[in-house]
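Chains as they are written, first to last, in the UniProt record's numbering: chain A, 1 to 407; chain B, 1 to 524; chain C, 1 to 365.
Let me begin by presenting the structure, written as structure tokens, before commenting on it.
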Amino acid sequence: MNKLITYSKKGLIGIWISLLSLTTGCWDYQELNDYGFVMAVGIDKSHKKGEYLYTFQLVNPGVITRNASGSHATPIATYSQTGRTKLEAIRKMSQQVSRRLFFSHLQVFVISEEILREGAALKVFDVTDRDPQGRINFPVLAARNTQAYKIISALTPIDDISANELKNKIETSKDVWGENRVTLIEEVIENVLASGRDIAISGVELTGDSKQIGKAESILQTRAKGQTKLKGIALFNMQNLVQWADDETARGIMFGSNKIRGAALNINCSKNNNHHLTVIVNYSKTKIKAKITKNRPTIDMNIAAEGRIGEAECPIDLENPDVIHELEQRTSTEIKKEVELALAMGKKNQSDVFGFGDAIHQADPKTWTKWKTNWKKYYPKSQVNIHARIFIRTTGLRTNPYMKERD
Amino acid sequence: MHSNKETDKSNSNKSINKNITLSSKLSLNLTKLKEFLGNSSDIVIKRLQFHRHEIAFVYITGLIDQKETRNLIKSAKLEFVRLEQTSPDEDMMKIMKEMLSEGELQQLTELEQIIPLLLSGNLVVLGDGWSCALIVEVAGGKIREVTPPQSQTVVRGPKDSFTESIQTNQALVRRRIKSPNLHVKSLTIGNITNTSVSLMYIDGIVNPKVLNQVIKKMEKIEIDGVLESGYIESFIEDKAFSPFPTILSTERPDIVAGNLLEGKVAILTDQTPFALVVPATFFSFFQSIEDYAQRFDISTFIRILRYIIFFVSMVTPALYIALMTYHPEMLPTQLAISLSAQREGVPFPTVVEAILMEMVIEALREAGIRSPSPLSVMISIVGAIVIGSVAIEATIVSPVMVMVVATTAIASFATPNYSLAISARIIRFGLMLLAAALGLFGITIGLIFLTVHMNTIRSFGTPYLAPFAPFELQDQKDSILRAPLWALNLRPKSILRKDDLRIPKGQKPKPSTSMDDEGNKNNE
Amino acid sequence: MENARISPFQLFCLVFLFELGTAVIIGLGMEAKQDAWIAILIGLTIGIIVLFIYGGLYQHYPDALLTTYTKQIMGKTIGSLISFLYIIYFIYIGARVLRDIATLLQITWLQRTPILVISMVLVLVTIYTIFHGVEVLARTGEIYLFVYLFSTLVTVVFLLFSDVINLQKLLPVAEDWRLILKTAFPVISTFPFGEMIAFTMFLPYLNNRRKGFRYGLMAMILSGVLISFTIAMDIASLGGTMVGRSPFPLLTTMGKISVNTFIQRLDILACIILVIGGFFKITIFSYAAIIGSADLFKLSHKKLTLPLATITLLLSIIIAENTSEHFKEGLKIVPYYIQLPMQIGIPIILLCVALLRKRLLKKTY
């Protein structure tokens with residue numbers, strides 16, 4: 001018996017030792033410089049039916065870090081590949097690129113307007129969502145009036161990597177101007193098929209000479225030729241792009257969906273002249289409350305904002321609180337007007353951009369389960385009360401504008 | 001030779017296997033003595049003969065105080081002259097005893113007992129017609145002065161350190177603790193070297209269980225020679241196979257004194273300027289005596305910093321390997337791109353590169369310690385040039401690798417205890433291999449394994465990770481944190497296993513009242 | 001039984017780590033959608049009631065393991081059989097936990113590494129720990145309690161700073177009570193709360209009975225609340241549908257952390273948390289099985305550690321072919337046919353018989 005125990009013990013130890021030798025496999029060992037970092041992905045329509053054209057922007061690390069002035073290589077390189085699925089294109093790409101594509105540092109995703117209008121393009125995020133190394137907290141943009149591959153092939157004079165430039169651009173613009181929504185992949189994933197809210201994606205277009213896009217010469221001058229520019233917000237009905245909202249309407253969308261981090265609103269100085277005065281919005285909070293009255297959704301939208309006078313080109317007495325109150329009133333009306341514009345566009349296209357459906361779900365879950373499937377029928381009928389209120393806290397470093405003193 | 005009787009070996013001295021008793025003939029005794037010591041040339045025998053009296057002084061040069069011995073011999077000569085003139089019949093031995101009685105005086109008959117004393121720097125006085133020897137304590141000779149500590153320096157705090165002499169070392173501790181309860185127990189270890197080792201502890205504070213364990217373990221040691229305290233350390237450790245030290249070694253008497261006050265036991269070894277302190281937990285290796293000299297908030301901050309540094313010195317290269325080869329998605333984008341560019345053209349895989357560079361640093365450190373001091377400047381120049389710039393320029397290693405290695409090296413130099421810094425160095429290589437095989441999972445598992453391992457260790461009955469495991473709330477005041485001294489009311493409970501009041505409560509300093517108020521109070 | 005003692009605080013740590021173990025990282029109770037956190041709290045309440053059954057048994061037999069007092073209650077033959085069943089149960093659940101962790105690690109970090117290797121490395125540390133006994137395990141628990149609490153704190157602070165928590169996503173509260181209750185019982189109340197049955201193999205080691213049981217209860221409540229809080233946090237930052245689609249939502253939540261764009265990708269911390277928690281869970285189950293069989297077959301636990309751990313390792317591999325099968329078994333089969341009888345059924349019977357015996361004994365005197 002004892003012998004048996006010693007034998008089996010020896011056997012077990014033998015098994016363990018042979019198992020241990022397995023650990024020397026290093027299966028997942030991969031050197032960092034074997035990876036090609038993909039910074040941006042663009043998706044366009046392919047000539048073949050059922051296939052898409054995927055374009056990847058890869059970074060050239062050597063050029064970026066060494067600031068090689070004599071080097072003729074561009075800091076980025078783009079490659080295109082068609083495929084029925086994104087992963088097929090990614091893997092097939094190995095025939096073109098020497099390095100393993102690495103998506104963890106992806107900065108931006110661009111999809112052409114063309115296929116967004118057709119719908120069904122938003123399914124491509126599944127591979128990003130599923131990939132354990134992938135991240136889903138970066139923005140997606142719609143290429144407006146152009147192809148996505150052109151957008152991500154553009155070189156930029158200030159930032160080396162144009163994907164970074166695009167991402168920083170949209171974030172800065174969101175913070176100071178407020179007409180561009182930063183829609184992260186995760187928001188798209190969460191809302192594209194959720195019935196209570198429709199997604200909205202910022203647009204990006206080409207300016208200047210589109211033939212110069214991607215050429216090194218295009219940035220070798222102070223006024224760079226062929227650049228990208230953000231323009232408008234695309235409204236969606238489920239997964240189909242339905243209409244572009246520009247300028248005030250776009251900002252209305254931002255105000256209504258509680259996304260404003262900063263904005264500059266122009267209003268007239270007084271009712272009967274057309275001198276301009278700009279109010280800088282520093283803070284804005286939107287609350288949406290829903291209730292059901294007579295089988296019809298009633299929505300209360302409360303916008304509370306804070307700001308200051310940024311510019312006043314007119315003779316106006318800013319030392320007078322009553323004047324400030326009046327300006328507050330007019331600015332609030334302006335905000336309300338913009339939101340109404342956006343709402344009208346949303347209702348027209350059955351795009352629940354403000355998430356009224358979610359509000360009803362939270363307020364009245366029972367009704368929501370009834371309405372859920374054909375919410376788009378109820379949505380345009382909803383009664384919306386918009387209350388906007390802005391507080392102008394200061395007038396900046398000066399009180400009255402110098403235009404006033406001259407009078 | 002009168003008798004050759006065998007006695008039971010109660011004495012640890014086993015090289016002298018014949019028990020020889022002194023005879024009454026001086027010349028015979030001297031021959032025996034010489035024979036016994038192999039006619040070694042460093043034995044000095046001074047014979048004095050006057051009238052019918054004859055005595056001999058025997059000592060070993062270098063071990064005794066030359067001046068004192070010379071004076072003794074001189075005064076003995078004078079005494080002889082006096083005797084000759086006055087009372088030539090008087091007992092010589094009695095007179096010698098009287099004369100020598102100022103110092104420590106022993107009267108022995110067995111050669112077996114005399115020899116070790118002779119070898120440890122005593123003066124042996126033999127006389128014709130005596131059948132015994134007088135032993136006078138005149139130890140001296142060249143002993144290194146008490147110097148500032150070399151390996152455990154402080155900015156604020158005492159600047160003395162132990163020397164090779166055990167007497168000096170004991171005195172250094174006793175000067176700090178002037179208490180009758182400071183007990184010293186002496187042992188002799190080493191069959192050939194006969195090294196004296198002494199235990200110091202404060203009676204009434206020390207945990208008797210720990211003390212008994214230490215004594216028992218020390219008495220069991222059988223070894224030919226003890227040349228450094230490390231010899232003893234390796235025999236009394238609780239866990240033989242572990243990279244972690246379980247015994248604190250220090251060259252600072254103030255650290256020993258501080259630990260004695262916490263109820264620990266110190267072991268001093270002759271000819272070693274390093275004392276051992278037991279029990280030692282993991283956290284005690286992070287404490288510096290200066291922690292108590294500085295204000296508590298500063299000490300706490302520095303202590304926390306030390307733990308971080310230790311962790312850094314252990315895991316940095318492993319973490320680097322894991323991030324570079326398994327988890328590049330965790331690097332910030334800009335960093336990932338820049339690291340990727342730096343790796344461009346480097347011929348070795350990251351692991352090989354890391355292990356290689358760590359080896360180079362270890363070699364540099366070893367060379368810096370071992371080489372003669374004029375060469376060490378040379379070594380640092382070569383190291384700086386070869387590693388610092390040429391290797392990078394030749395793209396043999398990537399710049400960031402040099403940074404990682406340098407960080408690790410600095411961190412491991414900053415670990416306050418040398419023996420712990422060494423263990424971190426060993427562990428580092430293990431973690432690097434784990435990281436290369438399994439990435440961060442390997443590191444995590446490695447660290448869990450280390451924690452489990454540390455929990456299997458005990459230092460003289462105290463769990464190694466005390467006071468965290470087992471958790472002792474009271475002791476938290478002086479482990480990672482260092483509470484103000486007036487709040488450290490109790491001695492470490494995890495070692496003493498009892499509440500032992502050390503500093504009475506209620507001594508928190510209050511803002512002193514102004515002069516006027518004090519005057520008023522006095523009036524009341 | 002080993003000759004060892006653990007303190008109430010050590011039991012607290014072990015229970016805490018054991019309960020959080022894998023539960024904190026998987027999408028526990030996601031059948032109840034955004035109300036999962038309520039379902040967890042209800043499951044906790046049921047779990048506490050079940051705990052008092054074990055407490056009752058402990059009160060009657062404070063110095064005996066579960067495998068010992070089954071024999072005293074049910075007689076030698078039936079008792080031994082029940083003990084044997086429990087040993088198999090502990091091994092099986094241990095193997096399931098091992099598979100859970102290995103799966104997550106394979107999905108996230110080590111896609112190309114065979115699952116056997118991942119499991120093996122974990123089991124090796126488990127073997128080392130169990131070999132050194134329960135005291136070492138308990139002390140390790142104390143150390144990792146601090147690590148665990150610290151990383152939880154870091155996570156919460158970073159989540160708050162990175163502005164991803166949107167409490168609106170938790171609305172509407174308590175949408176469908178029937179769904180919540182169905183989720184709470186039996187799934188949540190058996191996993192992780194009912195698994196406290198493993199601690200019937202640790203209670204006799206306590207050096208302070210009364211305090212020990214109270215500490216265990218406290219740990220269970222605290223960990224239950226923490227799991228509920230974590231799931232609520234997951235839902236508030238990801239939304240119900242996303243959490244429902246993720247087998248490991250905490251991972252995704254922590255992946256969303258982005259403080260000033262520099263501190264990112266803290267999902268690494270989630271994996272580390274899982275490895276630590278999972279390690280304790282596996283070790284505690286394996287220890288329960290090993291000490292149980294040592295008690296049943298009268299062998300030393302050191303001899304049994306290697307063979308039983310090897311069985312756990314191999315079982316974890318053959319238990320299911322793919323993750324979908326593994327998760328399906330975990331949600332639909334194990335709670336009903338294994339957990340319920342082992343965690344609630346048999347202990348109730350044991351307690352009733354024990355009480356009856358006591359009463360009969362009293363009458364005879």
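All residues carry an ideal CB built from backbone N, CA and C; glycine is no exception.
- Under the 10 Å beta carbon count, V124(B) is surrounded by 16 or more other beta carbons and is classified as buried.
- Of the candidates S7(C), E2(C) and E19(C), S7(C) places its Cα closest to the Cα of F468(B).
- Contact residues of the segment 108 to 133 of chain C toward chain A are T108, W109, L110, Q111, R112, T113, P114, L116, V117, M120, V121, L124 and I127 (C-beta to C-beta distance below 9 Å).
- For R265(C), the C-beta contacts it makes with chain B under 7 Å involve E329 and M330, in order along the chain.
- At least one beta carbon of chain C lies nearer than 7 Å to the beta carbon of I445(B).
- Just measuring C-alpha positions, the residue of I127(C), V259(C) and E175(C) sitting nearest V157(C) is V259(C).
- Annotation: Cβ neighbours of V136(C) in chain B (cutoff 8 Å, chain order): V452, N455 and T456.
- When secondary structure is reduced to three states using DSSP, M301(A) falls in the strand class.
- Of all C-beta pairs linking the segment 376 to 395 of chain A to the segment 296 to 304 of chain A, three or more are shorter than 8 Å, placing the two stretches in contact.
- Think of a sphere of 7 Å around the beta carbon of G239(C): the chain A residues whose beta carbon falls inside it are E190, in chain order.
- Counting the other CB atoms within 10 Å of its CB gives N191(A) a total of 16 or more, which places it among the buried residues.
- In the DSSP assignment, M330(B) falls outside any beta strand (DSSP E), carrying neither H nor E.
- By the 16-neighbour rule on beta-carbons within 10 angstroms, Y402(A) is exposed.
- Against chain A, the CB of E344(B) has a partner CB under 7 Å away; the residue lies at that interface.
- In the assembly as shown, H387(A) is an exposed residue. Its beta-carbon has fewer than 16 other beta-carbons within 10 Å.
- Judged by pairs of C-beta atoms under 8 Å, the segment 227 to 246 of chain C does not touch the segment 45 to 57 of chain C, as fewer than three such pairs exist.
- Put simply, the backbone Cα of T168(B) is about 30 Å away from that of L33(B).
- Residue pairing for P463(B): DSSP places it in a beta bridge opposite R458(B).
- Contact note: T310(C) reaches chain A through L12, I15 and W16, using a C-beta cutoff of 9 Å and chain order.
- With contact defined as three or more Cβ pairs closer than 8 Å, the segment 92 to 103 of chain A and the segment 26 to 43 of chain A are in contact.
- Secondary structure at G263(B): coil, using DSSP grouped into helix, strand and coil.
- Ranked by how close their Cα comes to the Cα of Q343(C), the residues G194(C), A4(C), L65(C) and E142(C) have G194(C) in first place.
- Contacts with chain A (Cβ-Cβ distance below 7 Å) from the segment 18 to 39 of chain C involve no residue at all.
- Among the CB atoms of chain B, none fall inside 7 Å of the CB of G36(A).
- The beta carbon of T65(A) sits closer than 7 Å to some beta carbon of chain B.
- For a Cβ distance threshold of 9 Å, residue set W109 and L110 of chain C lies close to Y326(B), ordered along the chain.
- DSSP, read as helix, strand or coil, puts I192(B) in coil.
- Taking 8 Å as the upper bound for CB-CB distance, S173(A) and N164(A) are not in contact here, some 15 Å apart.
- Interface residue (Cβ-Cβ distance to chain B less than 7 Å): R139(C) is classified as such.
- Inside the segment 14 to 58 of chain A, DSSP marks whole beta strand (DSSP E) runs of 3 or more residues at positions 35 to 45, from first to last along the chain.
- A Cβ-Cβ contact shorter than 7 Å links A245(A) with I233(A).
- If one requires a minimum length of 4 residues, the alpha helix (DSSP H) runs lying completely within the segment 204 to 233 of chain B are 208 to 220, in chain order.
- Under the DSSP assignment, Q170(B) falls in the alpha helix (DSSP H) whose first and last residues are I166 to R176.
- The three-state reading of DSSP puts D291(B) in helix, counting H, G and I together.
- Contact annotation: G203(A) and A154(A) have beta-carbon atoms that are not nearer than 7 Å.
- Within chain C, the residues whose beta carbon sits less than 9 Å from that of W27(A) are L110, Q111, R112, T113, P114 and V117, listed in sequence order.
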